[in-house]
Amino acid sequence: MTYDPSVIEAKWQNRWEQDKTFELPQDLSKLRQKPKYYVLDMFPYPSGAGLHVGHPEGYTATDVMARLKRAQGFNVMHPMGWDAFGLPAERAAVRENIHPAIITKRNIDNFRRQIKRLGFSYDWSREVSTADPDYYKWTQWIFLKLYEKGLAYLAEVPVNWCPALCTVLANEEVKDGKYVETGDPVEQRIMRQWMLKITAYAERLLQDLDGLDWPEGVIEMQRNWIGKSEGLLFTAKVKDLDLNIQTFSAHFETFHADTYVVIAPDHPLLPTLVNGISNAAEILAYSKKMVEKREGSTEQEPDGIFTGRYVEDPVNQVDIPIWVANFAIATYGTGIIKCSAHDDRDFKFAKKYGLRLQPGLVPPNEPELAARVRAQEVCYTDMINGILEHAGPFSGKRSGDCRHEIIQYCQDKGFAVPKVSYKLRDWLFSRQRYWGEPIPVVHLKDGSLQPLPESALPLELPKVDAYKPTEDGQPPLARASEDWLEVKLPNGQIGRRETNTMPQWGGSCWYYLRYLDPKNSNQFCDPELEKYWMPVDLYVGGVEHAVLHLLYARFWHKVLYDCGVVSTKEPFQKLFNQGMILAHSYQDSAGKYYYPDEVESKGSSWSVKATGEPVKTQVEKMSKSRYNVVNPDDVIAKYGADSMRLYELFMGPLDQVKPWQTNGVEGVYRFLQRTWRLAKRELSEQPGSSEPGLWRQLHKTLKQVQEHTLELRYNTAISQMMIFVNEATAAQTLPKEIMLTFLQVLAPYAPHICEELWERLGQKELISKTSWPVFDPALCTEDEVVIVIQVNGKRRDEMRVARGLAKEVVEQQALELPQVKYFLNGAAPKKIIVVPDKIVNLVV
RNA sequence: GCCGGGGUGGCGGAAUGGUAGACGCAGGCGACUUAAAAUCGCCCGAGCACUCUCGUGCGGGUUCGAGUCCCGCCCUCGGCACCA
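Here this note's numbering is used: the first residue of the first sequence is 5, the next is one more, and so on.
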């Protein structure tokens, strides 16, 4: 019988399911008998488009790890679920006027079917969906905890309002004035919204990054997003007004050089400031225009207007003007900045409006440049190496050396106090949508808020006649019937329900905890199970979640930690980002795309089969519009899940971006066929050591596969297995012992074929249940090594000698080689470098 | 502009400072076959005056020896971007 994946894969997937092979016990006394390993995938949003080959890349990586760890004696938590709330299902619901739950279920069923075909060893009894009331009951419960702790609050905030979607969007969902998903325009509005006080955790979110085994890039992105800067908060009186203003400066070294002040055009203090100025109305109108112009646009020319006011600067005891400037941001620092010649924006702004500058920092050892700085021709900003001038007691000092002294000085003089600022803002947590978790809060007549008691959870989504906003622009939940909207509290008070829902990020903030105890109706997770399983040992997903999901989840986790309901400060100990899978696309000169089967290659160029029109080919992100999406169903139908799994990992390093090449699948498919034929050979009953060369190769393979897999270097693990199979194919006899062990090595990667061959070779137990074989280190190295002989660093010959041969002997033997004699040409080497078992270099 | 990846054959990629190109794809030649497919074996960076020379984005450096380490650049992908 030839290798037919379609038959054996279905067979073993059924067997694993019936046998509950990958289901874990919930009984702690049982669990505690083994060490734990928690390997987690970022769960998918089940879109209508189904899976593409990018999804299973990470899932395959975690599955191989899960299977290896299981064989090594760990209890392995390896679950899968659905990030099921979200806008696309809601939009489909509006379009088709079907309940989003139905659309979501349809999509989940399809995703589950596709994922299951790959034979992953998930414990499906732990499947969760964030849109399931049994799940979102606990999302709401966590919200109540946040509310209790004062971390959830309502505020009038400027928000990004998307008219097309009739909802607000978080800052990070908006780019260049458009919703990042759809490109719909977004405008600013002031609205009353739920906010989560993530800023209260800024410092801890920053500090605790240090202990994490995460990609440096992701850590850096989170650091930047939190954006901590330490500086000074200066206070100065406004001239002619009974008003002090404060300015924040992280680059305060040049504080003597500050010559003007700017305020953000949308600063709440601005109207007070200009009150009494003759052209106050003009200033406010111009400021308003600046704010509008700023919306959604990126880099801008400096723009501003004089407020007519001055501050009495205590530092140099002069009055310096206050301007409105478009580059000042109301929500960062104090929204007011003291400006000097030593900031690019300040410098540009002053040049444009002819404001006075007083340079006070020059480069060391560059007199010409220093002269140009003093002449205000160039802006110099090096606060570390620059030398201070006109700086009172600090004149002549290197700026970077006296930062601390300056802090002390400004404090002593009463100019300023130390202050830390963060870029991180509070998290806008309400959406005017239907398909999300209802916020479990009631608005009372007197305007106060009443959170629902835990007993009232889950607060389920009400029935509505349509999944769109009301005529007067209220959220879809306002369409619910009065008996849902109106609530009578136990104490007789009447209130109305909150009609905003939570954003999609909510449910994904804690799903890794629910997997541990998914059926618990009393608690979101049993604390003892949590203690056993947490933290997640390996979390694999796309880098697109580097900031938002991972920051929000860390925030919620820390809140839960403070509530005493989780035992670790951080949820995800090790994080790994798989690289995106790209695909070739084909485009003619008019920009029209073609499907891969519509084009053919002629030598190095490509053209459309039907018309012969030349097309260019490029490697791009997979998308429907580029006609280059590869569907895993098609790959599996042709080559099987095992080949699919192998190719996903063989393509290249897991963390790298790489193009899908369908004929690359062919290669791993051939490898599996060779493996199949190998097992069909007449196998020798002799021990493995009866075929010493292959026996060694087996142990080498075992060692490398084990080590490389644990290091997530799957591609090189696979190539070692290919080397083994090539060698085994060439071997005279193939001991059954060797074949069986090899199947165990391959099983985490290609479990179906290995189960099948394992069974055919007479084994009773599932290969998925067997223990990982142990390699013999002594067999992993060769007895003989090839030593390269170089003359003057150039390879001239090689020789095969016993491993560990003494340096002197190697040297002597090398000198005897005819090739060496030829290249030495009678000369005696000046120096001889011998690296045992590696190389000899003779230097003349 | 700042931060972080990445530049190695026709392609995906491999190489604790020690034979650059493992493994695979594509290609070539051969065996088997009536033939094709499949399979198996061999070849496969470039040049050439063939015991050789050049070759890992570019220019320097350290070293007996550099894809790998150091300095200075270029290109490319991703993230952030008036954050004081």
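From the three backbone atoms N, C-alpha and C, an ideal C-beta is built for every residue, glycine too.
Kindly list the residues whose CB is nearer than 6 Å to the CB of TYR519, restricted to its own chain and excluding five residues on each side of it in sequence; keep chain order. Within the first sequence, residue 519 is the residue found at index 515, counting from 1. For TYR519, where only same-chain residues beyond five positions count, the Cβ hits under 6 Å are PRO83 and ARG130.
Rounded straight-line distance, which links the Cα of GLU624 to that of PRO618: Against the first sequence, residue 618 aligns to sequence position 614. Against the first sequence, residue 624 aligns to sequence position 620. Roughly 19 Å between the two C-alpha positions.
Return the chain-ordered list of same chain residues with a C-beta closer than 6 Å to the C-beta of LYS243, the five sequence neighbours on each side being excluded. Here residue 243 refers to the residue found at position 239 of the first sequence. Closer than 6 Å at Cβ, skipping near neighbours: TYR314, GLU316 and ASP323.
Which one or two residues does DSSP pair with MET655 in a beta bridge? Here residue 655 corresponds to residue number 651 of the first sequence, with the count starting at 1. As computed with DSSP, MET655 is found in no beta bridge at all.
Below 7 Å between beta carbons: does that hold for ILE225 and ALA557? Position 221 of the first sequence, counting from 1, holds the residue named residue 225. Position 553 of the first sequence, counting from 1, holds the residue named residue 557. Before going on, a small fix: residue 225 reads as Met here, not Ile. Going by beta carbons, MET225 and ALA557 fall outside the 7 Å limit.
Closest residue to GLY797 among HIS756, LEU846 and PRO833 (Cα-Cα distance): Your numbering for residue 797 matches position 793 in the first sequence. From the listed residues HIS756, LEU846 and PRO833, the smallest Cα separation to GLY797 is found for LEU846.
Mapping DSSP to helix, strand and coil, what is VAL278? Residue mapping note: residue 278 aligns to position 274 of the first sequence, counting from 1. The answer is helix: DSSP assigns VAL278 an H, G or I state.
Straight-line CA distance for LEU682 to GLU715? Counted from its first residue, the first sequence places residue 682 at position 678. Counted from its first residue, the first sequence places residue 715 at position 711. Their backbone Cα atoms lie some 29 Å apart in a straight line.
Please report the distance separating the alpha-carbon of GLU741 from that of ALA732. By 1-based counting over the first sequence, the position of residue 741 is 737. By 1-based counting over the first sequence, the position of residue 732 is 728. C-alpha separation (whole angstroms): 13 Å.
Just checking, does the stretch 141-160 make contact with the stretch 447-461 on the three C-beta pairs under 8 Å criterion? Remark: three or more beta-carbon pairs, one from each stretch, lie closer than 8 Å, so the stretch 141-160 and the stretch 447-461 are flagged as touching.
With distance defined between alpha-carbon atoms, name the residue in PHE576, SER525, ASP566 and ASN524 nearest to VAL544. Start at 1 with the first residue of the first sequence, and residue 544 comes out as number 540. Minimum Cα distance to VAL544 is reached at PHE576.
Nearest-angstrom Cα separation, counted from PRO442 out to LEU210: Locating residue 210 in the first sequence gives position 206, counting from the first residue. Locating residue 442 in the first sequence gives position 438, counting from the first residue. Each residue's CA atom was taken as its position, placing LEU210 and PRO442 some 31 Å apart.
Uninterrupted alpha helix (DSSP H) stretches inside the stretch 698-770 (no shorter than 4 residues): Within the stretch 698-770, the complete alpha helix (DSSP H) runs of at least 4 residues are 718-734, 740-750 and 755-764.
Whose C-alpha, out of ARG717, LEU687 and PHE728, is nearest the C-alpha of GLY697? Stepping through the first sequence from its first residue, residue 697 is reached at position 693. Comparing Cα positions, the closest option is PHE728.
DSSP bridge partner residues for ARG196 (one or two, in chain order): Against the first sequence, residue 196 aligns to sequence position 192. Answer by DSSP bridge pairing, in chain order: GLU160.
Residues near GLN622 in its chain [Cβ-Cβ closer than 8 Å; skip 5 each side]: Residue 622 sits at position 618 when you count from the first residue of the first sequence. Setting aside the 5 residues that flank it on each side, GLN622 is surrounded in the same chain by HIS588, SER589 and GLN591, each with a C-beta closer than 8 Å to its C-beta; the list follows chain order.
Buried versus exposed, by CB contacts within 10 Å (16 or more), ILE230: Translated into positions along the first sequence, residue 230 becomes position 226. It counts as buried.
Mind reading off the beta-carbon distance from ASP646 to LEU676? Whole number of angstroms is fine, and I expect it under 8 Å. As a first step, residue 646 is located in the first sequence; it is residue number 642 there, counting from the start. As a first step, residue 676 is located in the first sequence; it is residue number 672 there, counting from the start. Contact holds; Cβ gap of about 6 Å.
Specify, as a first and last residue, the run of the alpha helix (DSSP H) that PHE353 falls within. Within the first sequence, residue 353 is the residue found at index 349, counting from 1. Start and end: 348-357.
Could you pull the start and end residues of the beta strand (DSSP E) that ALA250 belongs to? Working through the first sequence from its first residue, we reach residue 250 at position 246. The amino acid at residue 250 is misidentified as Ala; the sequence shows Gln. Its beta strand (DSSP E) spans residues 248-253.
8 Å contact criterion, which VAL749 and LEU706 should meet: CB distance rounded: The residue labelled residue 749 in the question sits at position 745 within the first sequence. The residue labelled residue 706 in the question sits at position 702 within the first sequence. The Cβ separation is near 6 Å, so the contact holds.
Looking at the unbroken beta strand (DSSP E) that takes in TRP664, where does it start and where does it end? On the first sequence, residue 664 is found 660 positions in, with the first residue counted as 1. Run containing TRP664: 662-664, per the beta strand (DSSP E) assignment.
Near LEU821, what residues of its chain come up, given a Cβ to Cβ distance below 7 Å and the 5 sequence neighbours on each side ignored? Counting from one through the first sequence, the residue named residue 821 turns up at place 817. Hits under 7 Å: ILE793, ASP801 and MET803.
With which residues is ARG435 paired in a DSSP beta bridge? Here the question's residue 435 lines up with position 431 in the first sequence. According to DSSP, which records beta bridges pairwise, ARG435 is partnered with THR505.
Presumed contact (8 Å Cβ cut-off) between VAL163 and LEU481, rounded CB distance: For the purposes of this step, residue 163 is taken as residue 159 along the first sequence, with counting starting at 1. For the purposes of this step, residue 481 is taken as residue 477 along the first sequence, with counting starting at 1. Actually they do not touch by this definition, with Cβ atoms about 18 Å apart.
For SER694 and ASP841, what's the separation of their Cα atoms in angstroms? As a position in the first sequence, residue 694 is number 690, starting the count at 1. As a position in the first sequence, residue 841 is number 837, starting the count at 1. Straight-line Cα distance between these residues: approximately 27 Å.
Considering only DSSP beta bridges, list what ILE341 is partnered with. Counting from one through the first sequence, the residue named residue 341 turns up at place 337. ILE341 pairs with VAL266.
Let me know if GLN527 comes out buried or exposed under the rule of 16 or more other beta-carbons within 10 Å of its beta-carbon. Locating residue 527 in the first sequence gives position 523, counting from the first residue. Classification of GLN527: exposed, given that the 10 Å Cβ count is below 16.
Would you grab the beta carbon distance between ALA135 and THR108 for me? Rounded to a whole angstrom, and I think it's under 8 Å. Translated into the one-based positions of the first sequence, residue 135 becomes position 131. Translated into the one-based positions of the first sequence, residue 108 becomes position 104. Right, the Cβ-Cβ distance comes to about 6 Å (below 8 Å), so this counts as a contact.
The stretch 387-395 in contact with the stretch 404-418 per 3-pair CB rule at 8 Å: Because the criterion of three Cβ pairs below 8 Å is met, the stretch 387-395 and the stretch 404-418 touch.
Endpoints, the beta strand (DSSP E) within which LYS620 is located: Locating residue 620 in the first sequence gives position 616, counting from the first residue. For LYS620, the enclosing beta strand (DSSP E) covers residues 618-625.
Enumerate in chain order the residues of its own chain whose CB-to-CB distance from ASN632 is below 6 Å, with the five nearest sequence positions on each side excluded. Counting from one through the first sequence, the residue named residue 632 turns up at place 628. Correct list, in chain order: ALA587, SER589 and MET626.
With DSSP as the reference, identify every bridge partner of TRP86, one or two as the case may be. Working through the first sequence from its first residue, we reach residue 86 at position 82. According to DSSP, TRP86 bridges with SER133.
Give a yes or no on contact between the stretch 716-725 and the stretch 756-764, applying the rule of three or more CB pairs nearer than 8 Å. Segments in contact, no.
Using the beta-carbon count (16 or more within 10 Å), is ASN504 buried or exposed? The count along the first sequence starts at 1 and reaches residue 504 at position 500. ASN504 comes out buried.
Taking 8 Å as the cut-off, does the stretch 94-112 touch the stretch 533-544 (at least 3 CB pairs, one atom from each stretch)? They do not touch, by the three-pair rule.
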